[in-house]
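*Asks:*
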Amino acid sequence: MIKLKYMTMVLLCSLCMAVLPACGTGKQENIDQGMKLIEQLNYEEALKCFDAALLNKEDARLSYRGQGLAYMGLTEYDKAAEYLEKALSYSDFNVEQMDFDINYYLATAYYKLGELDKAKAVYDSITALRPKEKTAYYLKGVIEIEQGDQEAAKADFDKAVEIEPQDYDMRINIFCSCAENGLQELGEGYLQTVLDNDDKKLSDYNRGRMSFYLGDYNSARNSLEKAKDSNAGVDVVSLLGQTYEKLGDYNYAASVYSNYLSNTPDAQIYNQLGLCDLKIGEYEAALNAFQAGIAIEGNELMQVLKFNEIVAYEYLGDFKQATVLMQKYISTYPDDAKAQREYEFLQTR
């Protein structure tokens, strides 16, 4: 199941090297180059650019923000928080969108450091200035669930939903957060309400995905098949395929994915096809699917696809290649605890 993730900074594209002279000497060139390097996951070189930006008296707030993001990419969250706080110190009474952006990253850094009360305080400061900032209410609720404060979490989730009742992505996020913390019944309420309202304007896709997350896969299949007939977009195809997998029809699920890919190469569907192939023991086909997804430059599932590629090599018994790829993976995504454990396992093979 593909879930919408929270409390993470998504950094995209492939890794390439850069050196300090490439940072440039223009008014904002160092900052711009640093941000490009962050997108390429090249955090160490990005830091050099932001240092150069400060030396050249480029925008200090943006420079410190960039350093904070680079340190987050390096999973050095204490330094990330330090530089994000410095960035905020350059703000004035004219609160801008950039200030909210920095605060969201700062809250994430606090969260990663285990300083949950500090993270909640940041979200409170956001909603104090923007009472309809639904994302802040939601993320604060996530922390409260982890702290065992179900009542407070529900109050903040309710506020998030109240702000935009038809934000179904938010409702699914809330459900997933609750389910992952042993409160599935609480989360189900946010989805069941949508179906109970019997809104005639509710699309087949949204009706189908509410049913899917509620575990009513037959109803989900029926609604999603209707949705596919009118709009066979990637989200519909992905969820329809997953629904058939839940119903145990892996071969048909694979055909749903393959039919879509025959006309529209898509990293998300390649990943789903690969996972489906793993389940039915078609390991070579799974590997090919993951690698086809990786070949799509700039896709947002690169980390997931690269990890799954390693898993496919393990299933194929090629532990040498899996180990080589895992070494590269960990150097790029050092914050993946699951990968660290998998690497330890591979070293014993």
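Mapped onto mature numbering (1 follows the signal peptide of the UniProt record, and there is no 0), the consecutive letters of the sequence shown carry residue numbers -22 to -1, 1 to 327. Where is the CB? At the ideal position from N, CA and C, for every residue including glycine.
Pro312 to Gln305, Cα distance in whole Å?
*Replies:* If you number the sequence shown from 1, residue 312 lands on position 334. If you number the sequence shown from 1, residue 305 lands on position 327. When rounded, the distance between both Cα atoms is 10 Å.
*Asks:* In the DSSP assignment, find the unbroken alpha helix (DSSP H) run with Gln18 in it and report its ends.
*Replies:* Within the sequence shown, numbered from 1, the residue matching residue 18 stands at position 40. Here Gln18 belongs to no alpha helix (DSSP H), and DSSP marks it neither H nor E.
*Asks:* Under the assumption that Leu192 contacts Leu202 (Cβ atoms under 8 Å), give the Cβ distance between them as a whole number of angstroms.
*Replies:* As a position in the sequence shown, residue 192 is number 214, starting the count at 1. As a position in the sequence shown, residue 202 is number 224, starting the count at 1. Their Cβ separation, rounded to whole angstroms, is 14 Å, which puts Leu192 and Leu202 out of contact at 8 Å.
*Asks:* Does Val234 come out as helix, strand or coil in the three-state DSSP assignment?
*Replies:* Working through the sequence shown from its first residue, we reach residue 234 at position 256. Looking at Val234 - three-state DSSP - the assignment turns out to be helix.
*Asks:* Tell me, please, whether the stretch 61 to 79 touches the stretch 314 to 323 by the rule of three or more beta-carbon pairs shorter than 8 Å.
*Replies:* no
*Asks:* Grab me the residues of Asn184's own chain with a C-beta within less than 7 Å of its C-beta, minus the 5 sequence neighbours each way, in chain order.
*Replies:* Along the sequence shown, read from residue 1 onward, the residue named residue 184 stands at position 206. Cβ neighbours of Asn184 beyond the five flanking positions: Tyr146.
*Asks:* Tell me which residues share the same chain as Lys257 and place their Cβ nearer than 8 Å to its Cβ, disregarding the 5 neighbours each side in the sequence.
*Replies:* Residue mapping note: residue 257 aligns to position 279 of the sequence shown, counting from 1. Cβ within range, chain order: Glu223, Tyr228.
*Asks:* I'd like to check one pair, Ala138 with Tyr116: are the Cβ atoms closer than 7 Å?
*Replies:* Looking up residue 116 in the sequence shown gives position 138. Looking up residue 138 in the sequence shown gives position 160. Yes.
*Asks:* For a test of the three-state rule: what should DSSP assign to residue 340, helix, strand or coil?
*Replies:* For residue 340 there is no data in the structure shown, the boundaries of the chain being -22 and 327.
*Asks:* Is the distance from the Cβ of Leu283 to the Cβ of Gly271 below 7 Å?
*Replies:* For the purposes of this step, residue 283 is taken as residue 305 along the sequence shown, with counting starting at 1. For the purposes of this step, residue 271 is taken as residue 293 along the sequence shown, with counting starting at 1. A contact, by the Cβ cut-off of 7 Å.
*Asks:* Taking the alpha-carbon positions, what's the Ser309 to Ile16 distance?
*Replies:* Along the sequence shown, read from residue 1 onward, the residue named residue 309 stands at position 331. Along the sequence shown, read from residue 1 onward, the residue named residue 16 stands at position 38. So the alpha carbons of these two residues sit roughly 15 Å apart.
*Asks:* I need the straight-line Cα distance from Glu54 to Met76, nearest angstrom please.
*Replies:* Mapped onto the sequence shown, residue 54 falls at position 76. Mapped onto the sequence shown, residue 76 falls at position 98. Spanning the two alpha carbons is a distance of roughly 22 Å.
*Asks:* How long is the line joining the alpha carbons of Ala87 and Glu23, rounded to whole angstroms?
*Replies:* As a first step, residue 87 must be located in the sequence shown, where it is residue number 109. As a first step, residue 23 must be located in the sequence shown, where it is residue number 45. The alpha-carbon atoms of Ala87 and Glu23 are separated by roughly 21 Å.
*Asks:* Does DSSP put Asn241 in a helix, a strand or coil?
*Replies:* Numbered from 1 along the sequence shown, position 263 holds the residue referred to as residue 241. Correct three-state label for Asn241: coil.
*Asks:* Given a cut-off of 7 Å on the beta-carbon distance, is the pair Ala48 and Tyr21 in contact?
*Replies:* Residue mapping note: residue 48 aligns to position 70 of the sequence shown, counting from 1. Residue mapping note: residue 21 aligns to position 43 of the sequence shown, counting from 1. The answer is yes: Cβ separation under 7 Å.
*Asks:* Using 10 angstroms around the beta-carbon of Ala106, count the other beta-carbons present and answer buried if the total reaches 16, otherwise exposed.
*Replies:* Here residue 106 corresponds to residue number 128 of the sequence shown, with the count starting at 1. The residue in question, Ala106, is exposed, as its Cβ has fewer than 16 Cβ neighbours within 10 Å.
*Asks:* Give me the Cα-Cα distance between Gly186 and Glu278, rounded to the nearest whole angstrom.
*Replies:* Numbered from its first residue, the sequence shown carries residue 186 at position 208. Numbered from its first residue, the sequence shown carries residue 278 at position 300. Each residue's alpha carbon lies about 24 Å from the other.
*Asks:* My output table needs one value for Arg319: the three-state DSSP class, helix, strand or coil.
*Replies:* As a working mapping, residue 319 is identified with position 341 in the sequence shown. Note: Arg319 maps to helix in three-state DSSP.
*Asks:* Going by beta-carbon coordinates alone, are Ala290 and Leu251 separated by less than 7 Å?
*Replies:* Within the sequence shown, numbered from 1, the residue matching residue 290 stands at position 312. Within the sequence shown, numbered from 1, the residue matching residue 251 stands at position 273. No, they are not a contact pair.
*Asks:* Excluding five sequence neighbours on each side, which residues of the same chain lie with their C-beta closer than 7 Å to the C-beta of Ser41?
*Replies:* Looking up residue 41 in the sequence shown gives position 63. Cβ neighbours of Ser41 beyond the five flanking positions: Ile9, Phe28, Ala31, Leu32.
*Asks:* For the alpha helix (DSSP H) containing Met53, list its first residue and its last residue.
*Replies:* Stepping through the sequence shown from its first residue, residue 53 is reached at position 75. According to the sequence provided, residue 53 is Thr. The question's Met does not apply to it. No alpha helix (DSSP H) holds Thr53; DSSP gives it neither H nor E.
*Asks:* For Arg149, count neighbouring Cβ atoms within 10 angstroms of its own Cβ and tell me buried if that reaches 16, exposed if not.
*Replies:* As a first step, residue 149 is located in the sequence shown; it is residue number 171 there, counting from the start. With 16 or more other Cβ atoms within 10 Å, it is buried.
*Asks:* Is Arg43 helix, strand or coil when you go by DSSP?
*Replies:* Against the sequence shown, residue 43 aligns to sequence position 65. Reduced to three states, the DSSP call for Arg43 is helix.
*Asks:* Please classify Ser240: is it buried, with 16 or more other beta-carbons within 10 angstroms of its beta-carbon, or exposed?
*Replies:* Locating residue 240 in the sequence shown gives position 262, where the first residue counts as 1. Ser240 counts as exposed, since fewer than 16 other C-beta atoms from the protein chains shown sit within 10 angstroms of its C-beta.
*Asks:* Between Asp70, Gln18, Gln162, Lys90, which lies nearest to Ala315 when the distance is taken from Cα to Cα?
*Replies:* What you label residue 315 is simply residue 337 of the sequence shown in a count that begins at 1. Cα-wise, what sits closest to Ala315 is Lys90.
*Asks:* Which whole-angstrom value describes the C-beta separation of Gly46 and Gly12, a residue pair presumed to lie in contact below a C-beta threshold of 8 Å?
*Replies:* One-based indexing of the sequence shown puts residue 46 at position 68. One-based indexing of the sequence shown puts residue 12 at position 34. The Cβ separation is near 11 Å, so there is no contact.
*Asks:* Do Ile152 and Gly160 count as a contact pair if the criterion is CB distance below 7 Å?
*Replies:* The residue you call residue 160 lines up with position 182 of the sequence shown. The residue you call residue 152 lines up with position 174 of the sequence shown. Taking 7 Å as the cut-off, the beta carbon of Gly160 is found no closer than this to the beta carbon of Ile152.
*Asks:* For Ala99 and Ala114, I'd like the C-alpha separation in whole angstroms.
*Replies:* The residue you call residue 99 lines up with position 121 of the sequence shown. The residue you call residue 114 lines up with position 136 of the sequence shown. For Ala99 and Ala114, the distance between alpha carbons rounds to 10 Å.
*Asks:* Among the candidates Glu262, Asn249, Tyr261, whose CA atom is the shortest distance from the CA of Ala273?
*Replies:* Within the sequence shown, the letter at position 295 stands for residue 273. For Ala273, the nearest C-alpha among the options comes from Asn249.
*Asks:* Which one of Gln170, Gln128, Gln6 has the shortest CA to CA distance from Ala38?
*Replies:* Counting from one through the sequence shown, the residue named residue 38 turns up at place 60. The candidate whose alpha carbon is nearest that of Ala38 is Gln6.
*Asks:* May I ask which residues mark the beginning and end of the alpha helix (DSSP H) holding Ala210?
*Replies:* By 1-based counting over the sequence shown, the position of residue 210 is 232. No alpha helix (DSSP H) holds Ala210; DSSP gives it neither H nor E.
*Asks:* State yes or no: is the C-beta of Leu294 within less than 7 Å of the C-beta of Tyr261?
*Replies:* Here residue 294 refers to the residue found at position 316 when the sequence shown is read from its first residue. Here residue 261 refers to the residue found at position 283 when the sequence shown is read from its first residue. Cβ atoms of Leu294 and Tyr261: closer than 7 Å.
*Asks:* In terms of alpha-carbon separation, which member of Ser181, Gln281, Asp213, Thr221 lies closest to Arg199?
*Replies:* The count along the sequence shown starts at 1 and reaches residue 199 at position 221. Among Ser181, Gln281, Asp213, Thr221, the Cα nearest to that of Arg199 is on Thr221.
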